[in-house]
Structures are given as C-alpha cells and as structure tokens.
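Q:
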Amino acid sequence: MKDVIALFVAAIGRKNVLTEQREIEKYRHACIPVEREIEMALTPESVKQIQEIVKIADKYQTPLYPISTGKNWGYGSANPVRNNNIIVDLSGMNRILEVDKDLAFAVIEPGVTQQQLYDYLAKNQTGLIMDPTGSGPNCSVLGNTLERGYGISPYGNHFQSLCGMEIVLANGEILRTGFGRFQGAKANYTFQYGVGPYLDGLFTQSNFGIVTKIGVWLMPEPEYFEACYFFSDSEASLGPLIDSVRWLMLHNVVKGSINLVHRNRSLTMLSQYPWKTMKGRTPLDEALWESMAAERNIGTWNGVAGLYGTKPEVAAAKKIIKQQLRGKVKKLVFLNDRTLHVADKLKVVLSPILKMNLPELLKVLKPSYNLLKGKPCEVSLPSPYWRKKSPPPHRNINPAHDNCGIIWFAPVVPMKTEYAKEFIDIVTPLFRRFGFEACITFTAVNPRSFDCTLPILYDKENHEETERAIACHEQVLKECTAKGYVPYRMGIQSMEQMVGEKNVFWNVVEKLKDTLDPQGIFSPGRYCR
Ligand SMILES: Cc1cc2nc3c(=O)[nH]c(=O)nc-3n(C[C@H](O)[C@H](O)[C@H](O)COP(=O)(O)OP(=O)(O)OC[C@H]3O[C@@H](n4cnc5c(N)ncnc54)[C@H](O)[C@@H]3O)c2cc1C
1 MKDVIALFVA AIGRKNVLTE QREIEKYRHA CIPVEREIEM ALTPESVKQI
51 QEIVKIADKY QTPLYPISTG KNWGYGSANP VRNNNIIVDL SGMNRILEVD
101 KDLAFAVIEP GVTQQQLYDY LAKNQTGLIM DPTGSGPNCS VLGNTLERGY
151 GISPYGNHFQ SLCGMEIVLA NGEILRTGFG RFQGAKANYT FQYGVGPYLD
201 GLFTQSNFGI VTKIGVWLMP EPEYFEACYF FSDSEASLGP LIDSVRWLML
251 HNVVKGSINL VHRNRSLTML SQYPWKTMKG RTPLDEALWE SMAAERNIGT
301 WNGVAGLYGT KPEVAAAKKI IKQQLRGKVK KLVFLNDRTL HVADKLKVVL
351 SPILKMNLPE LLKVLKPSYN LLKGKPCEVS LPSPYWRKKS PPPHRNINPA
401 HDNCGIIWFA PVVPMKTEYA KEFIDIVTPL FRRFGFEACI TFTAVNPRSF
451 DCTLPILYDK ENHEETERAI ACHEQVLKEC TAKGYVPYRM GIQSMEQMVG
501 EKNVFWNVVE KLKDTLDPQG IFSPGRYCR
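Oh and the sequence shown: position 419 is 419 in this note's numbering, straight run, nothing missing.
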C-alpha cells in the first residue's frame, strides 16, 4: 500500500492524497446502517490526474470508488459497496464548462452542485432554469444523473436530459459518447444518440468508468408559472386522483411531474416523531397522525405540480385541471408570484380569517414553490430527522453527518389504481409490523409510471431499531419484488444480493464489465457482479 500511496502522491500531489483519519472520516458517514473500511481518498483536480490515478490502480489492482459530491443519502452516501476501496472524490472538479443560452444546455463537471448551477444561470441572466431534486443545494447534478435520479419539473427525468458524456475508462483512455468522438462535431450536446450504438445508459447505475463531464439540457424560463396544490381527505380518494394524474399527463396538460404525497410523508418534513406523546412507543397511532395533520391543514393525499407556459396556456391548463379534479379533492389552490407575495405580506392578518397558521405554512410553501421554479432548497431534508431526538439544523442540513437514519425503498408502480392499492396493501402492514410508518410519495416520472419513494425512517442511535430497519427493508424489498414492484435504484447494502441473481441480464453486464474493466478496479459490486 505504501508504494501505491507514493505513486498517487507523485501523480496528483500530496495535498490530493488523503490518508489521515480526520480527513477521510466524512466519507464513512451514512444514513443507511453500513460501516465501511475506508483508508484513503483521492481528490483529483483534472481529467489528466484521473487518468494517472486509473493507470496506477489498474496496474496494482487497487479498487477505486468515484463519487461526485457523495451525498447519496439513504442509498449509501459516499460509501463504497465493499470495504477498502479508495474514494475518488471529484467534488473539487466543479467547473461549469459551457452554457449555451439559445440551445439551452450546460456542460458540467462532477462537482457542480445544484446551487452552483442555479446561481450561474440566474447571475448570468441566461433565461434558463435547472431541475433541482429534493436533496438540497449541495448535491451534484452529475452524480444524481448517474443514479438516474429525478426532480419534478418538465426536465425532471434527469437521464432524459443527459446529452453527451466524457468517461475515463479503466485503461486510462477517454471515451466520448454521442457525437463527442468526432473532432469538431457541432451537435455533441444537442443530439443524444450520435451515430452507432447509444452507450450513455451503460455509464449510469454501473461501474464501467469515471464520468468526468456531461451535457445537461436546461429548461427555458417559462413566460408564466403557477403552482397547483390539491388536498383530499380520504385514503379512498387515491384511485380517482391517480386516474386524473394519468389523464393530465398523457394529454400533456401538465408538462412536468405530479407528486401525490401521503399525509405521513408531509408530516415527516414538517415535524418530528412525537416521542413524548407516544411515551416512547412506535409506530405512531392513527389518531395522532390525524390530529397532527389537522393542525397543519394537511390532507390525506396532497398533490403538487408546476404549470409552465404562456399565460393563456397556463389558464387553459388550470381550467382542465379544475374539471378533472372536480369532486375528487377537498381543496384545489393555484399560486403565482403575485398571490404568494400578497399572502406573505398579509400573513398575520389572514391567518385568523383563513383559520390556518399562515406564517408557518409559508415557511414550507415558499421553498417548495421555488423548487418547482428551479431553485434548490432544503424543504425535504428534515424528514430523515423524524425519529431523531434532536431537531435538524436551520440550514446546511446534512443528514449523513448528523447520523440520521433513512433507508430508501424506491419501486416503480405503473400508474393505475389497482397497482398503487396492491402496493400500499403490501407495504403498510409490513412497515407497521416492524414498528415503522409508511410515508409514501408517488412521483409521476412519466405519464405511465410512478416512482414511489418510501423511506424507512429510524433512529440510527438505537441499535435495536436499526436492526429492525434492516429487517424491514429486506422484507419489503423481497415481498414487493415478488409482486412485481421493483426499485428503480438500489442502496449499496442490497446491490450484491441483486446482482447475485442467476439470469441473462447480469451475465451480459458481467461480460461488459470484463471487457471494459478486466481488473475490476471501478466500484466493485456496484450494480454489477
Ligand atoms: C430527504 C432526501 C431527499 C432526496 N430527494 C431526492 C430527489 O428528489 N431526487 C433524487 O433523485 N434523489 C433524492 N435524494 C437522494 C440523494 O440524496 C440524491 O440523489 C443525491 O443527488 C445523490 O448524491 P450526489 O448528488 O452527491 O451523488 P454522488 O453520491 O456523488 O453519486 C451517486 C453515485 O453515483 C456514482 N458516481 C458519482 N459520480 C460519479 C462519477 N463521476 N463517475 C462514476 N460514478 C460516479 C457513485 O457510485 C456514487 O455513489 C434524496 C435524499 C434525501 C435524504
């Protein structure tokens, strides 16, 4: 190991080779219950340095685990799948290399955060907006794209907005996908497929290379925007709501995604587990859920969507939405910049009239409204603190650093009532049996599918509860997969098990790995045998 360290130091400089415990401790922080042995992290500053690292690793068969910002919270954070990988932390490579205002794309390095891209686009008056995820300002745009993550605007499906990649392969060569291989090609970042096999998918949710650059399509700021919120007050309303969501999206009335957020999930973002009232018992009583929701005017199912377009377009969409949701919701509210401004100004006067705590509501509403308009925020980040005994910080929330307990289970559920109901009927009793609350969000990633995010929120400082969370996750994964509800993305704790399945799919992936990375130096075990 000493020799390899010396080679890394010679290649990328002493300051970029981290071996002290205090320097590498942060990479071990996780929200899922894993403890990985990590002895070293490298912080290269250029593609050339990455190539040098890869050459050394390939020669000495040293496993590398590249991360962008390492905030894959609930799926493993910065931790590798296996012990003793060297973390290659690319957060320092954070240049926005190009933004084309007319063609509406950016070319970025791995360390570019959501906040950084947002600030750049705003400051330079590009007239473009990005699609932020709920994971906060400090996460990487590229890292999220490689996990095929998503937000909620019309550009919310991040893999679909990816155009052109640059990848360092295990032999040190640089692969450029799409038209990138043609010297002087003009359409690298405007036409995704290039000519010949379309390779980009191979470098997402995989371990075939280190991605050093991607093109990301951006959305032109709409001429007019309104946010649509709706609330229903019964579990039974879900079916009719799903029919409407599908109809509105299939008919292109709503161009982005629609989120259906269950009461329980909303409450985990706004409050913490009432340990005192529950006298330490778990899971939370139904009656208490109801009273907590009533206090905050939260419905059983709560919908949110952004309406983007010209003013007449948005007006037409609102009319159709009203027709679609008639009789299905208790309340339907549209907000625009003006109404939000007025509500903010008059919040104290309006609160008693509207019988709601408007100042409190606005604290959540404003960031969530701005998120739809492309501004990253921390509004979702308190939920991992649900079972924690201390509150989240007011800003710079980092649930991994604070040792919060969250394990994501994120299956895809086709957008029909029968599937959603079957899924809910599997997970709700199962969560209860293990002492947890099912806190569901259905995000319409396309007009035909929901990506359901269902977190197991647990107290990571409680050993017994942590063991139960692991068992709950294993069981829910097993039962849902058996019934056909398979996650779109996996945490590092489940990957080895998944790829161990005997089938042609993983055989093909293994052959690709053998060809592209014969020594197996990249992220061993990550979505691959
Ligand atoms: C409360 C909460 C809300 C969340 N909301 C969302 C959400 O709305 N949408 C969503 O998608 N996710 C969400 N997440 C999950 C997660 O936090 C985000 O997806 C986050 O963006 C991932 O972390 P990152 O951007 O730092 O990527 P990283 O952790 O850097 O990357 C993720 C993985 O991709 C691989 N990788 C990264 N960079 C490279 C590279 N350059 N080359 C090769 N491989 C690489 C690595 O294996 C790495 O582990 C949420 C999490 C929490 C706790």
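Glycine included, every Cβ here is placed at the ideal spot set by N, Cα and C.
(1) For a test of your reading of the model: does the CB of G143 fall under 7 Å from any non-hydrogen atom of ligand 1? Yes or no.
(2) Under the rule that 16 or more other beta-carbon atoms within 10 Å means buried, what is N207, buried or exposed?
(3) Does any heavy atom of ligand 1 sit closer than 7 Å to the C-beta of E147?
(4) Measuring straight from C-alpha to C-alpha, what distance separates D233 and D102?
(5) Taking DSSP as the reference, what is the three-state secondary structure of T277?
(6) Spatial neighbours of E496 within its chain, please: C-beta separation below 6 Å, excluding the five flanking residues on both sides.
(7) Assuming L142 is part of the alpha helix (DSSP H), what are its boundary residues?
(8) By a C-beta neighbour count over all protein chains shown, 10 Å radius and 16 as the cutoff for buried, is T133 buried or exposed?
(9) Below 8 Å between beta carbons: does that hold for I214 and V168?
(10) Apply the 10 Å Cβ neighbour rule to T277 and answer buried if 16 or more other Cβ atoms are within range, or exposed otherwise.
(11) Compute every distance between the C-beta of C377 and the non-hydrogen atoms of ligand 1, then say whether any falls below 7 Å.
(12) With a threshold of 7 Å on Cβ separation, who are the neighbours of T268 within its own chain once the five nearest residues in sequence on each side are excluded?
(13) Assuming the contact rule is C-beta atoms closer than 8 Å, A30 and N83 should be a hit. Round their C-beta distance to whole Å, please.
(14) Is the segment 28–47 close to the segment 89–96, with three or more CB pairs under 8 Å?
(15) Is any non-hydrogen atom of ligand 1 found closer than 7 Å to the C-beta of P384, if you look at the structure I gave you?
(16) So W589 packs on P455, CB below 8 Å; how close in whole Å?
(17) Give the secondary structure of L169 by DSSP, where H, G and I count as helix, E and B as strand, and everything else as coil.
(18) Closest to R95 by C-alpha separation, out of I108, A104, N85, would be which residue?
(19) May I ask whether a heavy atom of ligand 1 can be found less than 7 Å away from the beta carbon of T69?
(20) Compare the beta carbon distance of G76 and I492 with 8 Å and say whether it is the shorter of the two.
(21) From L284 to S291, what does the alpha carbon distance come to, in whole angstroms?
(22) For the segment 180–196 against the segment 155–170, do three or more pairs of beta-carbon atoms, one drawn from each stretch, fall closer than 8 Å, so that the two count as touching?
(23) Under 8 Å between the Cβ atoms of P222 and Y308?
(24) Which residues in the same chain have their Cβ closer than 7 Å to the Cβ of A57, if we skip the five residues on either side of it in sequence?
(25) Under the criterion of a Cβ to heavy atom distance below 7 Å, does T133 qualify as lining ligand 1?
(26) What I want to know is whether the C-beta of N157 ends up closer than 7 Å to one or more non-hydrogen atoms of ligand 1.
(27) Looking at the secondary structure, which residues open and close the beta strand (DSSP E) in which A106 lies?
(28) Is M249 near D131, with beta carbons less than 8 Å apart?
(29) Where does T441 fall in DSSP's three states?
(30) Residue range of the alpha helix (DSSP H) that H29 falls in?
(31) Looking at Y229: is its Cβ nearer than 8 Å to the Cβ of V349?
(32) With three or more beta-carbon pairs closer than 8 Å as the criterion, would you say the segment 442–450 touches the segment 249–265?
(33) Using the C-alpha atoms, what's the distance from G484 back to S380?
(34) Excluding five sequence neighbours on each side, which residues of the same chain lie with their C-beta closer than 7 Å to the C-beta of K328?
(35) What does the alpha-carbon distance come out to for the pair E25 and S140?
(36) Pair every Cβ in the segment 364–373 with every Cβ in the segment 330–340, then say whether three or more of these pairs are closer than 8 Å.
A: Per the coordinate set shown:
(1) Locating residue 143 in the sequence shown gives position 143, counting from the first residue. Yes, the Cβ of G143 comes within 7 Å of a heavy atom of ligand 1.
(2) Residue 207 sits at position 207 when you count from the first residue of the sequence shown. The residue is buried, with at least 16 neighbouring Cβ atoms inside 10 Å.
(3) As a position in the sequence shown, residue 147 is number 147, starting the count at 1. True, at least one ligand heavy atom lies under 7 Å from that Cβ.
(4) For the purposes of this step, residue 233 is taken as the residue at position 233 of the sequence shown. For the purposes of this step, residue 102 is taken as the residue at position 102 of the sequence shown. Distance between the alpha carbons of D233 and D102 is about 45 Å.
(5) For the purposes of this step, residue 277 is taken as residue 277 along the sequence shown, with counting starting at 1. Three-state DSSP puts T277 in coil, outside helix and strand.
(6) Position 496 of the sequence shown, counting from 1, holds the residue named residue 496. G525, listed in sequence order.
(7) Position 142 of the sequence shown, counted from the first residue, corresponds to residue 142. Per DSSP, L142 belongs to the alpha helix (DSSP H) from 141–146.
(8) One-based indexing of the sequence shown puts residue 133 at position 133. T133 comes out buried.
(9) Your numbering for residue 214 matches position 214 in the sequence shown. Your numbering for residue 168 matches position 168 in the sequence shown. No, the Cβ-Cβ distance between I214 and V168 is not below 8 Å.
(10) Within the sequence shown, residue 277 is the residue found at index 277, counting from 1. The residue is exposed, with fewer than 16 neighbouring Cβ atoms inside 10 Å.
(11) For this step, residue 377 is matched to residue 377 along the sequence shown. Not so, every heavy atom of ligand 1 lies at least 7 Å from the Cβ.
(12) Counted from its first residue, the sequence shown places residue 268 at position 268. So the list reads S383, W386, C439, L457, once near-sequence residues are dropped.
(13) Looking up residue 30 in the sequence shown gives position 30. Looking up residue 83 in the sequence shown gives position 83. In fact, because the Cβ distance is near 13 Å, the residues do not count as touching under 8 Å.
(14) yes
(15) For this step, residue 384 is matched to residue 384 along the sequence shown. Checking the Cβ of P384 against ligand 1 gives yes.
(16) Nothing can be reported for residue 589: it is not among the residues displayed for the chain, which extend from 1 to 529.
(17) As a first step, residue 169 is located in the sequence shown; it is residue number 169 there, counting from the start. L169 falls in the coil class under three-state DSSP.
(18) Counted from its first residue, the sequence shown places residue 95 at position 95. Here the closest residue by C-alpha is I108.
(19) Residue 69 sits at position 69 when you count from the first residue of the sequence shown. It does: the Cβ of T69 is within 7 Å (strictly closer) of some heavy atom of ligand 1.
(20) Locating residue 76 in the sequence shown gives position 76, counting from the first residue. Locating residue 492 in the sequence shown gives position 492, counting from the first residue. Contact flag set, yes.
(21) Translated into positions along the sequence shown, residue 284 becomes position 284. Translated into positions along the sequence shown, residue 291 becomes position 291. Whole-angstrom Cα-Cα distance: 12 Å.
(22) yes
(23) Counting from 1 along the sequence shown, the entry for residue 222 is found at position 222. Counting from 1 along the sequence shown, the entry for residue 308 is found at position 308. Yes. Within cutoff.
(24) For this step, residue 57 is matched to residue 57 along the sequence shown. Once the five neighbours on either side are set aside, the close Cβ partners of A57 are L64, I521.
(25) For the purposes of this step, residue 133 is taken as residue 133 along the sequence shown, with counting starting at 1. Yes, the Cβ of T133 comes within 7 Å of a heavy atom of ligand 1.
(26) Taking the sequence shown and counting its residues from 1, one reaches residue 157 at position 157. For ligand 1, not one heavy atom lies less than 7 Å from the Cβ of N157.
(27) On the sequence shown, position 106 is the one that residue 106 refers to. Looking at the DSSP string, the run of the beta strand (DSSP E) that includes A106 is 105–108.
(28) If you number the sequence shown from 1, residue 249 lands on position 249. If you number the sequence shown from 1, residue 131 lands on position 131. Not in contact: M249 and D131 (Cβ atoms no closer than 8 Å).
(29) Here residue 441 corresponds to residue number 441 of the sequence shown, with the count starting at 1. If DSSP states are grouped into helix, strand and coil, T441 belongs with the strands.
(30) What you label residue 29 is simply residue 29 of the sequence shown in a count that begins at 1. Careful: H29 lies outside any alpha helix (DSSP H) and carries neither H nor E.
(31) As a working note, residue 229 is residue 229 in the sequence shown. As a working note, residue 349 is residue 349 in the sequence shown. The answer is no: Cβ separation not under 8 Å.
(32) yes
(33) Residue numbering aside, residue 380 sits at position 380 when the sequence shown is read from its first letter. Residue numbering aside, residue 484 sits at position 484 when the sequence shown is read from its first letter. Between S380 and G484, the C-alpha separation is close to 28 Å.
(34) Along the sequence shown, one-based indexing puts residue 328 at 328. Counting only Cβ-Cβ distances below 7 Å, and skipping sequence neighbours, we find S232, S237, P240, L241, S244.
(35) Here residue 25 is taken as the residue at index 25 of the sequence shown, counted from 1. Here residue 140 is taken as the residue at index 140 of the sequence shown, counted from 1. In a straight line, the C-alpha of E25 is about 20 Å away from that of S140.
(36) yes
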